[in-house]
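Per mature numbering (1 follows the signal peptide of the UniProt record, and there is no 0): the sequence shown = residues -18 to -1, 1 to 377.
The beta carbon of each residue, even a glycine, is placed where N, CA and C say it ideally should be.
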Amino acid sequence: MLLAAAGFVMLAGNPADAAAGCRVDYTVNQWSTGFTGNVTITNLGSAINGWTLQFDYAGNQQITQSWNSTYTQSGQHVTLRDAGYNAAVATNASVTAGFNATYSGGNAAPTAFTLNGVACTGATTPTTSPTTTPTTAPTTTPPTGDPWNPPAQYVTPLANTWKHQEDTYGDLYGFRNYLFDQVMAANGSINYCVRWESTATVTATLRDQIQTALQRQFQKWVDQLNENGTGWNNWPYKQIPVKVVGWAVRDRSQLQWSDSSVDIYVNDLNEGAPQCSPPCGRFFHQDGNYSGCPGGAAHHYDMSLWLTDGMTGGAGGDWGQRIGKEYYVGALSSENIHILLHEIGHSWGLNDFYDFDPLPSEGFVMKAGSATQITVFDKWMLRDFWRHLKNRYGL
Ligand SMILES: [Zn+2]
């Protein structure tokens, strides 16, 4: 599952055609009695300052909590409003909000959304006569000499995949918090915070195994950007150290160590789960200013590894990865922890393939459930991202 580009407000675009229009991408990550829902609202019309999204469920879904928004629910009718800090949405910009909900029986997605009263059809409805010519979305072109040489049978599927990303991402080329951006900002290392959404205790040994397994799985993606010991297409890092710098729990007594090797955050809840201090988090401080973080930048975390009791499946985005606690702990010695690999893929920027299959004849890890390890096709999707982004780093 993708919680795509879960930034707050991503700025882009051309203000002030006097038109209204929107697109809503609705995804869920569900278990037997509940789900996390995610809506990415793309404003296709004039810039707005203040938004109200409305939709109806067909079943008994009941929202219990939301973030990046406030919610009200009356029967099956849901209203999500901006949270203040994300009220302003420029033309072609997106805003993401999420929520937790319960349900029983089916969990059908809503079929219609309105934004500020206007149906979200993916098209624009002029509210006054447009006075400017619509412009096409920005594109970037890899530089001349780009060594794009995937296996021949993947050339067209990769091109179709990139086109699909251009069509479905709110701000593919402007978004600045892909894992690529995070690695480059941190000079080739990544810090993690573990969000332990569990009642279980953790020994020092388990703590260390959790980091070791995370390092190994993370490096499997990094390896795709290297070829024979050399970075592909100027990719600069062969190894990326992954360090867990913080643990977030409900109760300090769950952590059965007394050393100070990691920062410990107790009962700071967000989205119903313990979190490490936001002033230390990259997601909250994409400008790299960690001056509010106790201990300073050295104690910052780029990603969260959010481990949830009883969860099947997962979620991933620029904030990190969320997977089941039992699944992950049970897979620590596995060569490929494939749900984690899939979710880390989202953090790099790779998409899901529920709505579109560029390669029907083959499985790959980003096509959920179709492969248990990173495949050659996954590798070239990642490289395609890199070649499109690398000029932002002067490479
Ligand atoms: Zn996914």
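- Ranking Asn210, Thr78, Ile222 and Val176 by CA distance to the CA of Arg198 puts Ile222 first.
- Just so you know, the alpha carbons of Ser286 and Ser180 end up roughly 15 Å apart.
- Taking the Cα positions, Tyr219 is about 25 Å away from Ser315.
- A distance criterion of 7 Å places the beta-carbon of His282 beyond contact range of ligand 1, judged by its closest non-hydrogen atom.
- In this structure, ligand 1 has no non-hydrogen atom nearer than 7 Å to the beta-carbon of His320.
- C-alpha of Ala90 to C-alpha of Tyr8: approximately 11 Å in a straight line.
- It is roughly 34 Å from the alpha-carbon of Ala230 to the alpha-carbon of Gln36.
- Runs of the beta strand (DSSP E) lying entirely within the stretch 145 to 221 and spanning at least 3 residues, in chain order: 172 to 179.
- DSSP, reduced to helix, strand and coil, places Phe265 outside both helices and strands of the structure shown, so it counts as coil.
- Closest in C-alpha terms to Ala65, from the list Asn42, Ser242 and Thr52, comes Thr52.
- Counting along the chain, no alpha helix (DSSP H) covers Asp291, and no H or E run does either.
- When secondary structure is reduced to three states using DSSP, Lys372 falls in the helix class.
- Counting only the Cα atoms, Ala353 lies some 8 Å from His320.
- In this chain, the beta strand (DSSP E) harbouring Tyr247 covers Asp245 to Val248.
- Counting C-beta pairs closer than 8 Å gives three or more between the stretch 19 to 32 and the stretch 69 to 80, which meets the contact rule.
- DSSP links Thr24 through a beta bridge to Arg5 and Ser76.
- Looking only at Asn215, Met166, Leu251 and His328, the smallest Cα-Cα distance to Asp128 is reached by Asn215.
- For Gly213 and Thr143, the gap between their C-alpha atoms comes out near 23 Å.
- Within the stretch 285 to 359, the complete alpha helix (DSSP H) runs of at least 4 residues fall at 307 to 312 and 320 to 330.
- For Thr54, same chain residues with a beta-carbon under 6 Å away, outside a window of 5 residues either side, are Thr61 in chain order.
- Taking 8 Å as the cut-off, the Cβ atoms of Gly327 and Trp203 count as close.
- CA-CA distance, Leu237 to Gly99, rounds to 49 Å.
- Pairwise C-beta distances place the stretch 356 to 369 out of contact with the stretch 171 to 191, as fewer than three of them are shorter than 8 Å.
- The DSSP-derived three-state label of Leu251 is strand.
- With fewer than 16 other Cβ atoms inside 10 Å of its own Cβ, Val137 counts as exposed.
- Across the set Pro139, Asp149 and Asp190, the C-alpha of Pro139 shows the shortest separation from the C-alpha of Ser343.
- Excluding sequence positions up to five before and after Tyr283, its CB lies within less than 8 Å of the CB of Asn173, Tyr174, Cys175, Val227, Gly228, Cys258, Cys262, Gly263 and Arg264, all in the same chain and listed in chain order.
- Straight across, the Cα-Cα distance linking Gln193 with Arg365 is about 26 Å.
- The three-state reading of DSSP puts Trp362 in helix, counting H, G and I together.
- When the Cα atoms are used, Asn318 and Phe335 turn out to be separated by approximately 20 Å.
- Look at His146: its beta carbon is at least 7 Å from all of the heavy atoms in ligand 1.
- If you check the C-beta of Ala350 against ligand 1, you find a heavy atom less than 7 Å away.
- Closer than 7 Å to some heavy atom of ligand 1: that describes the Cβ of His328.
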